[in-house]
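**Student:** If you're matching positions, the sequence shown starts at 25 in my numbering and goes up one per residue.
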Amino acid sequence: MPRDAIVLLEDILTSIDEIFEFLKEINSLSLYKQDTLRKRAVERNLEIIGEVVKKIPESIKTSNQDIEWRQIAGLRDFITHGYFEVDDEIIWNIVTNHLKPLKIRIIDIKNKI
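Written as structure tokens, this is what we have:
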């Protein structure tokens, strides 16, 4: 597998880690909603993850169909083009319920390359 795939996976991991760092002191949806700066930082990293996912080789996507690649890329498009329509509750749900499992899977994929 080309090194490029490893770099892409590392980019996803970096963005996930940055999101966790930004939210280290935020432990509720209400606090998240009040912090525009952190919200924008989280949204930007989700955009990056979505953009990187679009560049992941098809062979990796095909062999890891348990990851919702299309939905991740779609979230990027929604955030990018949704402007002020981004739903904080959806973003909070993604961050609190889906990023840790995604991180675990991305690490696993990276280690198998």
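Ideal placement from N, C-alpha and C gives every residue a C-beta, glycine not left out.
Measure how close the beta-carbons of Thr104 and Glu71 come, nearest whole angstrom, since I'm counting them as under 8 angstroms.
**Tutor:** Confirmed, Cβ separation roughly 6 angstroms.
**Student:** Does the contact criterion of 3 or more C-beta pairs under 8 angstroms hold for the stretch 128–135 versus the stretch 32–49?
**Tutor:** Contact between the stretch 128–135 and the stretch 32–49 is present, with at least three C-beta pairs closer than 8 angstroms.
**Student:** Let's test the definition: count the other Cβ atoms within 10 Å of the Cβ of Ile114 and tell me whether it reaches 16, buried, or not, exposed.
**Tutor:** Exposed is the call here.
**Student:** Using alpha carbons as the reference points, say which of Glu109, Ile137, Lys85 and Pro125 lies closest to Arg64.
**Tutor:** Glu109
**Student:** Taking buried to mean at least 16 other C-beta atoms within 10 Å of its own C-beta, is Glu49 buried or exposed?
**Tutor:** exposed
**Student:** What does the alpha-carbon distance come out to for the pair Asn88 and Lys136?
**Tutor:** 12 angstroms
**Student:** Since Asp112 and Tyr56 are thought to touch, with beta carbons under 8 angstroms apart, how far apart are those beta carbons, to the nearest angstrom?
**Tutor:** Yes, they are in contact, since the Cβ atoms of Asp112 and Tyr56 sit about 6 angstroms apart, within 8 angstroms.
**Student:** Any idea what DSSP makes of Lys85, helix, strand or coil?
**Tutor:** In the structure shown, Lys85 sits in a helix (DSSP, three-state: H, G or I).
**Student:** Please go through the stretch 49–101 and give each complete alpha helix (DSSP H) segment of 4 or more residues, from N-terminal end onward.
**Tutor:** 53–58, 60–79 and 82–87
**Student:** Tell me the rounded alpha-carbon separation between Phe44 and Thr86.
**Tutor:** 28 angstroms
**Student:** Using the C-alpha atoms, what's the distance from Asp41 back to Asn51?
**Tutor:** Take the alpha-carbon of Asn51 and the one of Asp41: they are about 16 angstroms apart.
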